[in-house]
Amino acid sequence: MAWVDFGHQHRDDMDRLLDAFRDEATVDELGIGTIRDTFANVLFPGTSTLHTRARYLLFVPWLVTSVAAQRLSLERANAELRHRETGLIEALIAGDPTGEGVIGKVARASLKRMPSEVYWGALGRYRIRRCDDGPQQHFRAVTSAAVLPQDEEDERPRHLHDPHFCQLPPVPDDLETVATFDLTADEADFLNERIQATCQGSYLAWLLLHRTPGDTAHAWDEPLTEGLDGEPARVVAHAQRLHHLYEGAPLLYNLLLARNAGWDEGVDAYEHRLTEWGASEGVAGAASGWDQKDFWALVLDGRRVNAGTRDFVNAWVHLVRDDKGAAWRSAAAAGLIEEREKRLKRSRSRFVNTDALELWQGGAGVGGLSYRWRSARTLINDIRRGQRR
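The sequence shown begins at 83 in the numbering used here and counts up one residue at a time.
What follows is the structure, encoded as C-alpha cells:
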C-alpha cells in the first residue's frame, strides 16, 4: 500500500486505516465499513478503537502545553514531547503494575504511535484544543508568537495559559512519577462539559448525563436506553437493526470459505452459528421493523456511500426479511456474498485465489458491528466514576 503524504491530516487518516486492521471489530470483509463508521461517528463522536482511558484527554494536553511553554526549536520540542510521553508510560505502570489501558505498556520507549497522535483528533472534536494543526505546527506557532506578560498574582503554571487549548484542570503533582487513570471530580466535570458543548444531541452526551454503562455488552441494552428519545433513539434503533440483520453475512462468508477449504469442523460450527442467528429474536424484530427509507436518509445525511454498498445491504436485508430463519441456506444468499467479495477484492478474492484462501485463518470479520461501543463505554464509565469522587 502506498499513498502521497500531503500533510498531517492525510498521515492521520492513513494511520487510522492501518491501525484498523489490528482491531478485530473493524475487519470489514464485505465492504460496509463506511456505514458502520457513520453510525459510530454519530453515536459516539470523537471516539476511536485505539482509545483506552478518558484521562488521556488530559494527559496529552498537559504534556503538549508544558513542552510548548519551553519555546524550544521544533526538533527539540518533538524530542521532549516523546520523552515525556515515554515517562508517562512508566508513571502509569508505576501507578498500576498490570498496565491495563496503558498505551505502550509492552513497547515502552520503542512505541511508534504515542498517545498525542492517538488522541489528537478527539481533542479537536471536543474543542479541548483550539488549533486545527498537528503538534508540530502547534509548536511552531507557539515558538513564533510573542510572549505575553503573566499577571504577578497568577500563580498557575504558564503552560495552562496556552491559547491553543482550553483552560485545563490543574496538573497532578505526581504526573511524572506515579500516575493513574482515576479522574478527579473537577477533571471529570471538565471532560463532561466539553463533550456536552461539542456533541449536543448525541447518544454519547445523553449517556454521560443519565447512565453508567458498566460492562454492558451492547450500546442498545435496555438498562441503557430506558427513557431515550428523539434523534439519539432513532440512531440507536437503526444501528441495532443493522447489527442484527448484518451479523449473518460475515458468518455465511466464512461458512462458504470453510466449504471451499474442505474444513468440515468449520462448516459444522458456522452452520450452527447461522442457525442460531436466523432463529434469534433480534433478527426477527429487526427485519419486521426495517424502515429502509429512513435508514438511508440517516446514513446519507451529508455523507457518501457508493451505490454498490447500498445495493448489497438492501439485497441482503431483503433476503433476511423474506425468510428470516433460513435465508442463509439459499443459493441467492451465497451468490450475493460471493459476488460482493469478488467485486471488492478482485484477483485477491478468496473464492478465486487459492493462496488467499490458504491464508484465511478460519474467522474473518465475524466480530459484529459494535460501533466503537467498547471505547465509548470506557470513556463514559471513567467520567461518571470521576464525578462521584
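For every residue, glycine included, the Cβ atom is placed at its ideal position computed from N, Cα and C.
Separation of residue j from residue i, as counted between CA atoms
i	j	result
Ser429	Gly348	24 Å
Leu291	Ala223	37 Å
Leu310	Pro295	14 Å
Phe377	Arg392	11 Å
Asn342	Asp303	37 Å
Val63	Ala369	A query on residue 63 cannot be resolved here, the shown segment of the chain reaching from 83 to 471 and no further.
Leu401	Arg411	11 Å
Asp255	Val149	16 Å
Asp214	Leu193	25 Å
His165	Leu257	14 Å
Gly206	Glu182	25 Å
Glu199	Glu363	42 Å
Glu106	Glu329	Bear in mind that the predicted position of Glu106 carries a pLDDT of just 48, short of 50, making it unreliable; the figure below should be weighed with that in mind. In a straight line, the C-alpha of Glu106 is about 14 Å away from that of Glu329.
Arg153	Thr116	41 Å
Thr357	Gly407	7 Å
Ala321	Ala315	10 Å
Ala416	Gly444	18 Å
Tyr208	Thr180	30 Å
Leu441	Ala379	39 Å
Asp404	Ile114	21 Å
Ala189	Leu156	25 Å
Arg385	Val434	33 Å
Neighbourhood of residue i by C-beta distance below 6 Å, restricted to the same chain and skipping five residues each side
i	result
Leu461	Ala136
Asp383	none
Val124	Val317
Pro251	Asp268, Glu269 and Phe272
Arg118	Leu451
Arg459	Pro295
Residues near residue i in its chain [Cβ-Cβ closer than 8 Å; skip 5 each side]
i	result
Tyr335	Glu111, Leu112, Ile419, Glu423, Ala446 and Gly447
Ala122	Thr129, Tyr453 and Arg454
Leu306	Leu289, Arg293, Pro295 and Thr298
Asn396	Gln374
Arg355	Leu333
His178	Contrary to the premise, residue 178 reads as Asp rather than His in this sequence. Taken in chain order, the residues that qualify are Val184, Thr262 and Phe263.
His300	Gln322, His325, Ser452 and Trp455
Asn160	Pro217, Gln218 and Phe221
Beta-carbon gap between residue i and residue j smaller than 8 Å
i	j	result
Leu139	Tyr201	yes
Arg195	His246	no
Phe263	Asp437	no
Thr120	Val318	no
Thr134	Ile171	no
Thr131	Ser457	yes
Glu313	Gly360	no
Phe394	Tyr285	no
Trp144	Val253	yes
Thr259	Ala173	yes
Leu62	Arg432	Only positions 83 to 471 of the chain appear in the structure, and residue 62 is not among them; the question remains open.
Val23	Pro197	What is shown of the chain runs 83 to 471, which leaves residue 23 out entirely.
Residues near residue i by beta carbon distance below 7 Å, same chain, minus five either side
i	result
His325	Gly450 and Leu451
Ala191	Thr168
Ala287	Ile277, Gln278 and Cys281
Ala340	Gly348, Val349 and Tyr352
Gly371	Arg323
Thr225	Arg153
Extent of the continuous alpha helix (DSSP H) to which residue i belongs
i	result
Asp271	Ala267 to Thr280
Asn123	Gly115 to Leu125
Val387	No alpha helix (DSSP H) contains Val387, which DSSP labels as neither H nor E.
Asp464	Trp455 to Arg470
Gly444	Segment: none, Gly444 is in no alpha helix (DSSP H) and carries neither H nor E.
Glu157	Leu156 to Gly177
Lys375	Gln374 to Val381
Glu111	From DSSP, Glu111 is part of no alpha helix (DSSP H); its letter is neither H nor E.
Trp288	Tyr285 to His292
Ile419	Ala413 to Lys427
Arg137	Per DSSP, Arg137 belongs to no alpha helix (DSSP H) and is neither H nor E.
Gly252	In the sequence as presented, Gly is not what sits at residue 252; that position holds Pro. Here Pro252 belongs to no alpha helix (DSSP H), and DSSP marks it neither H nor E.
Trp202	Pro197 to Arg207
Arg222	Pro217 to Ser226
Trp359	Asp346 to Ala361
His326	Gly312 to Tyr328
Glu304	Glu304 to Thr307
beta-carbon residue i near the ligand NAP non-hydrogen atom, thresh 7 Å
i	result
Thr262	Absent from the structure shown: the ligand NAP. Ligands present: none.
Burial state of residue i, where buried means 16 or more other Cβ atoms lie within 10 Å
i	result
Asn388	exposed
Asp244	buried
His220	buried
Leu337	buried
Gly468	buried
Leu327	buried
Arg471	exposed
Ala414	exposed
Ala227	exposed
8 Å Cβ cutoff, residue i in contact with chain B
i	result
Arg166	Of the protein chains in the structure, only one exists, and it is not chain B.
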